[in-house]
Amino acid sequence: MYQKGEGVEKDEKKGLYHLEEAAIGGHPEARYSVGVNEWKNDLIERSMKHYIIGANLGHDNSIKVLKECYKWRDVTKADFAGALRGHQAAVDARKSPQREAASKFRDGGMRNE
944 MYQKGEGVEK DEKKGLYHLE EAAIGGHPEA RYSVGVNEWK NDLIERSMKH
994 YIIGANLGHD NSIKVLKECY KWRDVTKADF AGALRGHQAA VDARKSPQRE
1044 AASKFRDGGM RNE
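In the numbering used here, the protein residues as written are 944 to 1056.
In structure tokens form, the structure reads like this:
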């Protein structure tokens, strides 16, 4: 909101503050966005930490970025492997029969049967 000036005066510093607060609160997209911001500011190690945390929260783009960074050796094999395991665990934890039924219903797969 602050970073784009949507409904409030544009203030990137305030926007980053709120983004960091959301990341600390466990929001995966915010964690990823903080990592992107750190990368843009040439703080590669810090950005890798944010991507790893985002991947451990199940954020798909974080794991994709880490994969590319692993190719460029910006992240260690051990850190990448740990992030892969954490990402898979988070994705598995979100699976349930109720979620699958809701997804089918949302996609039109269950109509007044």
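The beta carbon of each residue, even a glycine, is placed where N, CA and C say it ideally should be.
| Query | Result |
| --- | --- |
| How about residue 994: is its Cβ closer than 8 Å to a heavy atom in the ligand ATP? | Looking at this structure, you won't find the ligand ATP or any other ligand, since it has none at all. |
| According to the Cβ coordinates, are residue 1007 and residue 1023 closer than 9 Å? | no |
| Along the chain, where does the alpha helix (DSSP H) containing residue 993 start, and where does it finish? | 987-999 |
| Which residue wins for smallest C-alpha separation from residue 996, given the options 983, 1014 and 977? | 977 |
| What does the Cβ neighbour count give for residue 1042, buried or exposed, with the cut at 16 atoms within 10 Å? | exposed |
| According to the neighbour-count rule (16 or more other Cβ atoms, all chains shown, within 10 Å of its Cβ), is residue 984 buried or exposed? | exposed |
| Would you please state the rounded distance, in angstroms, between the beta carbons of residue 1021 and residue 999? I believe it to be under 8 Å. | 14 Å between Cβ atoms; not a contact. |
| For a test of the three-state rule: what should DSSP assign to residue 1002, helix, strand or coil? | coil |
| Please state whether DSSP places residue 1007 in a helix, a strand or coil. | helix |
| Under a Cβ-count criterion, where at least 16 other Cβ atoms within 10 Å of its own Cβ denotes burial, should residue 1039 be classed as buried or exposed? | exposed |
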